[in-house]
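I have placed the structure first, in the form of structure tokens, so that the comments after it can refer back to it.
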Amino acid sequence: AENIAFNEVARRAIVTDPDFQGGHFYAQDGRAETKPKRGLRIARMIGHITYLSNDVMNEKFGRDLRSALLNDGTALSDTGAGTVTASDYRYTTQDVEFQIESYLRYQGDKFAEYFDANTYLLITRALDYFDPARAFDGNLSRAFARATARFLLVSFTTDWRFSPSRSREMVKALLDNRRDVSYAEIDAPHGHDAFLLDDPRYTNLVRSRFERIASDIESGVTHE
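When we follow the numbering used here, the leftmost residue of the sequence shown carries the number 1, and every step to the right adds one.
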């Protein structure tokens, strides 16, 4: 439910952007494109919050201020201790105050320049609808009953977008059917984005699996 909730908020940001025009914002018949960039920016900002773990956000940004100057014109780097106090704030509701705000806006601006809004709606909706157990009265074990492949599942401890507990549910369902399944839970602080980073523990697992598959193919081994 949590993933569906985040996706819905992101979609609403897009479809309520006046430039979305019901999805008909492309240039045609002499009409200029009105890309819903505001909605796309907000959608991406929401997404990035879910991609990072709380520990990583605190480590990278914490409560660091973005402004190089304080209200009295003093450079923040010249204050010495580096401790942020109430007098350091600019007290603005519209401008960027904290580094995390700057990061999210940057990611949103960049994303809005190249990604298609309708594609975003369709992809997130497809993710919402994906439920292999739905046709089996919610029974995931029954959903995997006809599976014949060998499975490798990898999860990261701080990924709260696709948590290890959900991976363990799939592992249990496969084991209920006596399927060949390997599972690794990697302790990594990077949240959902961990799978995009160069972690030898992760890459070695994937490499080993592909090498095993290649070896089986060469030797003519089949798995029923």
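Note that the Cβ used here is the ideal one computed from N, Cα and C, for glycine as well.
Suppose the cutoff is 6 Å on Cβ atoms and the five residues either side in sequence are ignored; what does the same chain contact list for residue i look like?
i: residue 129; result: none
i: residue 13; result: 39, 42, 43
i: residue 50; result: 6, 161
Taking all protein chains shown into account, do 16 or more other C-beta atoms lie within 10 angstroms of the C-beta of residue i, making it buried, or fewer, making it exposed?
i: residue 35; result: buried
i: residue 226; result: One cannot answer for residue 226 here, as it falls past the ends of the chain, which runs 1 to 224.
i: residue 197; result: exposed
i: residue 204; result: exposed
i: residue 64; result: exposed
i: residue 81; result: Bear in mind that a pLDDT of 46 at residue 81, under 50, signals an unreliable position, so the number given afterwards is only what the model happens to contain. That one is exposed.
i: residue 9; result: exposed
Between the C-alpha atoms of residue i and residue j, what's the straight-line distance to the nearest angstrom?
i: residue 169; j: residue 141; result: 9 Å
i: residue 201; j: residue 25; result: 45 Å
i: residue 28; j: residue 19; result: 15 Å
i: residue 110; j: residue 218; result: 45 Å
i: residue 60; j: residue 113; result: 25 Å
i: residue 94; j: residue 3; result: 29 Å
i: residue 207; j: residue 167; result: 20 Å
i: residue 181; j: residue 121; result: 33 Å
i: residue 79; j: residue 58; result: Summary for residue 79: the model assigns pLDDT 47, below 50, so the residue's position carries little reliability; its value from the coordinates is reported in the next sentence. Looking at the two C-alpha atoms, the distance is approximately 21 Å.
i: residue 107; j: residue 37; result: 12 Å
i: residue 1; j: residue 133; result: 15 Å
i: residue 221; j: residue 147; result: 18 Å
i: residue 150; j: residue 47; result: 32 Å
i: residue 211; j: residue 31; result: 53 Å
i: residue 123; j: residue 163; result: 20 Å
i: residue 139; j: residue 165; result: 16 Å
i: residue 119; j: residue 199; result: 30 Å
i: residue 23; j: residue 135; result: 31 Å
i: residue 246; j: residue 137; result: With the chain covering only 1 through 224, there is no way to say anything about residue 246.
i: residue 213; j: residue 171; result: 20 Å
For residue i, which residues in the same chain have their Cβ closer than 7 Å to its Cβ, ignoring the five residues on either side in sequence?
i: residue 144; result: 173, 174, 177, 179
i: residue 159; result: 191, 192, 194
i: residue 89; result: 97
i: residue 189; result: 53, 55, 56, 158
i: residue 21; result: 34
i: residue 17; result: 36, 38, 39
i: residue 115; result: 40
Going by C-alpha to C-alpha distance, which of the options sits closest to residue i?
i: residue 152; options: 105, 184, 106; result: 184
i: residue 11; options: 117, 21, 208; result: 117
i: residue 105; options: 45, 32, 156, 23; result: 45
i: residue 187; options: 210, 155, 214; result: 155
Could you pull out every residue in the same chain whose Cβ sits closer than 8 Å to the Cβ of residue i, ignoring the five residues on either side in sequence?
i: residue 66; result: 96, 97, 98, 99, 101, 102
i: residue 92; result: none
Can you determine whether any heavy atom of the ligand NAD sits closer than 7 Å to the C-beta of residue i, and answer yes or no?
i: residue 121; result: Absence of the ligand NAD is noted for the structure shown, with no ligands found whatsoever.
Closer than 8 Å, CB to CB, is residue i near chain E or not?
i: residue 218; result: Looking for chain E here will not work: only one protein chain is present.
I'd like the ranges of any alpha helix (DSSP H) spanning at least 4 consecutive residues and lying wholly in the segment 120-174. 140-143
Residue ranges of each alpha helix (DSSP H) run of no fewer than 4 residues wholly in the segment 182-209, ordered along the chain? none
Quick one: which unbroken alpha helix (DSSP H) runs of 4-plus residues sit fully inside the segment 21-67? Chain order, please. 37-51, 54-60
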